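Below is one structure, written out as structure tokens; comments come after it.
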Amino acid sequence: MWISIRMTSRLEAKGLVRRFSRLRAVDGITFDLQAGELLTIFGPNGAGKTTLLNILAGVMCPDEGQVLLDGNVVVGSERQWRKEVGLVTHQTMLYDRLTAVENLSFYSKLFSLEDSERRIRDALEDLKIKEVADQPVGSLSRGFQQRIALARALLHDPKILLLDEPYIGLDLYASRLLRDLISQLKDGERTVVLVTHNFGQGLELADRIAIQVSGQFIFTGSSDGVELTEFEEFYCRKIEEVRP
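Encoded structure:
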């Protein structure tokens, strides 16, 4: 199963800054993730979490700082970097009128993938979407759409997976299925960064956690021994401490 393929993928961010006029949407963020680690980032709306993921995905360049993969600087080689990264957001980036297979075929051509038919076949099997493979994506449930989006993000076997609010709009079954899939990806040594407001899912999957406010990590730490209720209270206290 390609979903659990083993790979080395150390991801580092060093002093990342991104400005929009006078606003620092990302303000000096630094972290270091080893292969197979998952960092969950929590934070209020407008904290700069999506901007951070866009920098990590190579969609946006930082004004200051560096992103490194296995010790190699990414900035200046964004096109190559995008081949190492898969990005899933609450917007699926799929074409509603195309079927699941047609969407995956389109993205496989963008990446000039060899053996694309096998990759698509494996993706349909591993993500349990064979039954809807020939249906227009726009006619499918939110849960199926997110699974197809995850298949799209993994089609080129990226070392890094970035997830921006992937649980939005999912029912309990679809949320649990997505959680299990992400867990399998971790077991395959892919490095994952997850942004979510879902404290339960975010803590359950995380090796490390961060709270981002006003572009900065105001807390980072291990998830070991962290209880949901205690963390929710801790989170609220930290937010109150930094609010004007």
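According to my numbering, the sequence shown is numbered sequentially starting from 1270.
Every residue gets a Cβ at the ideal spot worked out from N, C-alpha and C, and that includes glycine.
All values reported here derive from a predicted model rather than from experimental measurement.
- If you ignore the 5 residues before and after residue 1492, its C-beta comes within less than 8 Å of the C-beta of 1309, 1472, 1475, 1476, 1477, 1478, all in its own chain and listed in chain order.
- When DSSP assignments are scanned along the region 1280–1345, the uninterrupted stretches of alpha helix (DSSP H) that are 4 or more residues long and fall wholly within it turn out to be 1318–1325.
- Under DSSP, residue 1433 shares a beta bridge with 1358, 1464.
- Burial state of residue 1360 is exposed, judged by a 10 Å Cβ sphere holding fewer than 16 other Cβ atoms.
- The region 1362–1433 is shown to contain whole alpha helix (DSSP H) runs of 4 or more residues at 1369–1379, 1385–1395, 1411–1423, in chain order.
- Membership of residue 1444 in the alpha helix (DSSP H) is indicated by the continuous run 1441–1456.
- Under DSSP, residue 1512 takes part in no beta bridge, so it has no partner.
- A straight-line Cα-Cα distance of about 6 Å links residue 1486 and residue 1298.
- Assignment of beta-bridge partners to residue 1500 by DSSP yields no partner.
- For a cut-off of 8 Å, the C-beta gap from residue 1423 to residue 1373 is around 10 Å, too long to register as a contact.
- For residue 1490, the enclosing beta strand (DSSP E) has its first and last residue at 1485–1491.
- A straight line joining the alpha-carbon of residue 1321 with that of residue 1313 spans about 14 Å.
- Boundaries of the beta strand (DSSP E) harbouring residue 1479: 1477–1482, taken from the DSSP string.
- Below 8 Å, enough C-beta pairs join the region 1278–1293 and the region 1329–1341 to call them touching: three or more.
- Contact between the region 1427–1436 and the region 1381–1388 is absent: fewer than three C-beta pairs spanning the two stretches fall below 8 Å.
- Its chain contains 1308, 1431 as the residues whose beta carbon lies nearer than 6 Å to that of residue 1462, once the 5 sequence neighbours on both sides are disregarded; these appear in chain order.
- Residue 1473 carries a helical assignment under DSSP once its states are collapsed to helix, strand and coil.
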